[in-house]
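Okay, structure first, notes after.
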Amino acid sequence: METIGGIPVAPPPTEGVVTAPLHAPGVGDPIEEIEIEALLEGVYRKYGYDFREYARSSLRRRIRQSVRAEGLASVSALQERVLRDAAWLERFLFGLSVTVSAMFRDPGFYGAFRERVVPLLRTYPFIRIWHAGCSTGEEVYSMAILLSEEGLYDRCRIYATDMNEAVLKRAREGIFPLAQMKTFTANYQQAGGQRAFSEYYTARYDSAIFRANLKNNLVFAQHNLVTDGPFNEFHVILCRNVMIYFNPALQARVHELLYTSLVRFGFLGLGSKESLKYMPHESCYAELDPLERLYRRVR
Amino acid sequence: LTPAIDSGRPKAVADAAEVDGLVVLGASKGGFRALKHLLAALPGDFPWPLAIVQHRADQRESGLCELLDRAGALRVVEPEDKDPIRAGYAHLAPAGYHLLVEPGTFALSADPPIWFARPSIDVLFESAADVYGARVTGVILTGTGPDGAAGLAAIRARGGLALVEDPASAECRAMPEAALAATAVDRVLPLAALAVFLAGLPRRGGRS
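Listed below in structure tokens is the structure:
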């Protein structure tokens with residue numbers, strides 16, 4: 003019997019069964035890579051959606067997912083349909099846009115926002131907030147709830163944007179699966195929530211329908227961080243777990259867009275595993291709460 | 232006064248050429264003990280960067296990273312988005328995110344869970360196989376469920392090395408068995424032998 007470091011090792015039971023063809027190291031599947039680049043170039047030139055500087059690993063995964071979900075055999079087959087039929091584009095975009103968040107995801111972030119940001123916002127007569135890349139809206143409603151409880155919501159307008167109209171439609175509805183309320187409630191309480199979370203929604207069948215007055219000062223609009231410019235000046239910008247999908251060059255450009263859209267001494271909130279450390283804008287911000295990724299523009 | 236910002240040019244991240252492969256490990260139920268054992272056996276100058284997915288709840292403060300950090304000579308860290316892949320470190324997928332490999336760096340995603348898991352083993356393994364091909368070693372440890380089987384198959388299909396903890400002695404046998412059902416592998420070893428095998432893994436990898 004073979005030994006490794008003196009320990010006897012039985013031969014692998016599956017030895018010699020199937021061996022897939024070898025590829026050159028480091029290049030993945032070179033043909034698939036060409037197909038992906040052709041697809042992205044085509045989608046950009048035909049429709050203007052630019053995914054060319056997305057982080058390739060997660061994008062590749064999502065494209066493969068679309069190929070499978072459509073029952074196709076290759077990325078080329080997907081490209082042929084997407085480029086010729088806008089209905090296919092819609093489904094493709096949806097597959098690339100959906101992220102899974104939760105209300106009060108990272109409760110500590112909302113706790114820090116209450117403690118560090120809210121007191122300063124109280125001094126503002128009117129507060130414009132941009133939630134950039136809001137996906138299906140869980141975190142937008144979370145912020146609306148927090149601001150209501152702090153007595154600030156009437157002074158706020160929250161612009162919630164996403165590149166994809168289909169996820170915005172869901173976000174506008176403010177209806178989330180009832181099954182998730184247990185998690186959302188726990189998050190809400192950990193985030194310093196002051197009431198019974200069930201006061202904010204009505205349960206109907208499998209759905210939790212959030213109270214209409216939470217939508218009073220929400221504006222949902224289509225905006226693409228990659229290709230669209232600044233559209234207003236904001237006191238708070240939240241862009242959480244959106245730029246993780248971008249490569250560093252695109253991240254730097256989007257940070258420039260956020261920076262120019264933020265008033266001086268305005269607040270920037272990022273996702274819990276994002277930071278400014280590789281970005282040229284790092285020195286323009288002070289860390290308000292380093293752990294919770296809350297920053298303040300200082301220059 | 233507007234500060235001059237050289238936008239569009241991120242600070243240097245990692246020299247991608249420095250990294251030419253890695254060892255990826257996936258574990259579910261029973262994984263803490265298994266990972267502790269493996270980390271204790273690996274020397275501080277272990278030449279391959281490590282990346283680990285341990286199935287975990289969607290919360291941040293579990294202490295898992297700190298506990299594993301104390302297990303051996305390698306530093307255990309939870310990577311942030313686009314952090315460099317570094318030898319001497321075991322990079323633990325953070326709770327609530329998928330961990331993916333890019334050339335020279337890690338990336339995170341908030342995509343839906345796979346097999347109810349986020350982080351998912353398949354996501355890490357498949358992205359490692361895409362980027363580093365034959366210079367990836369994949370290890371499936373104890374656990375329940377089929378996560379990791381497709382990822383290990385992808386690693387082996389690209390010429391990488393596939394290792395599985397022996398189901399007979401694993402705390403939970405389902406995950407190793409699912410991996411063995413999905414792909415031919417290079418070694419099936421009990422934990423102790425797996426640790427020795429990894430510690431002796433030559434600098435230049437790939438199936439020989």
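Going down the list, the protein sequences come from chains A and B. When you read off a place in the first sequence, starting at 1, and then add 2, the result is the number in the working numbering. When you read off a place in the second sequence, starting at 1, and then add 231, the result is the number in the working numbering. Glycine included, C-beta positions come from ideal geometry on N, C-alpha and C.
- The shortest CA-to-CA distance from Pro280/B to any of Leu295/B, Gln290/B, Val332/B, Asp289/B is the one to Val332/B.
- In the DSSP assignment, Phe356/B falls outside any beta strand (DSSP E) and lies within the alpha helix (DSSP H) extending over 352-363.
- Counting only runs of 4+ residues, the alpha helix (DSSP H) found wholly inside the region 23-79 of chain A occupies 32-49, 58-71, in chain order.
- In this model, Ile246/A and Ser340/B are separated by some 6 angstroms (Cα to Cα).
- Shortest Cα-Cα distance from Leu260/A to any of Glu294/A, Lys184/A, His225/A involves His225/A.
- Look at the beta carbons and you see the region 347-363 of chain B touching the region 379-390 of chain B: at least three pairs across the two are nearer than 8 angstroms.
- Using a Cβ distance threshold of 9 angstroms, Leu149/A and Cys158/A count as a contacting pair.
- Closest option to Ala146/A, judged by alpha-carbon separation, among Ala88/A, Asn218/A, Glu167/A: Asn218/A.
- Just measuring C-alpha positions, the residue of Ala288/A, Leu264/A, Glu140/A sitting nearest Met105/A is Glu140/A.
- Within the region 70-103 of chain A, the residues whose Cβ lies closer than 8 angstroms to any Cβ of chain B are, in chain order, Val100, Thr101, Val102, Ser103.
- In the structure shown, Ala321/B adopts extended strand secondary structure according to DSSP, grouped into three states.
- With the criterion set as a beta carbon lying under 8 angstroms from some beta carbon of chain B, the members of the region 224-247 of chain A are Asn243, Met245, Ile246, Tyr247, in sequence order.
- Residue-level contact check: Ala168/A does not touch chain B, since none of the beta carbons of chain B fall below 9 angstroms from its beta carbon.
- Chain B places a beta carbon closer than 9 angstroms to that of Tyr280/A, counting this residue as a contact.
- Under the three-state reduction of DSSP output, Ala210/A falls in the strand class.
- The region 365-422 of chain B contains, as complete alpha helix (DSSP H) runs of 4+ residues, the segments 380-388, 405-413 (chain order).
- In summary, Asp230/A is exposed, with fewer than 16 beta-carbon neighbours lying within 10 Å of its beta-carbon over all protein chains present.
- Contact between the region 343-361 of chain B and the region 284-298 of chain B is established, with three or more Cβ pairs separated by less than 8 angstroms.
- Neighbourhood of Tyr328/B in chain A, by CB distance below 7 angstroms: Lys275, in chain order.
- Counting C-beta pairs closer than 8 angstroms gives three or more between the region 97-115 of chain A and the region 131-138 of chain A, which meets the contact rule.
- If you ignore the 5 residues before and after Gln191/A, its C-beta comes within less than 6 angstroms of no other C-beta in its own chain.
- In this structure the region 257-271 of chain B lies against the region 300-307 of chain B, because at least three pairs of beta carbons, one per stretch, are closer than 8 angstroms.
- The residue from Val370/B, Asp378/B, Val308/B with its alpha-carbon nearest to that of Leu394/B is Val370/B.
- Contact between Leu264/A and Leu270/A holds, with the beta-carbon distance rounding to 6 angstroms and staying under 8 angstroms.
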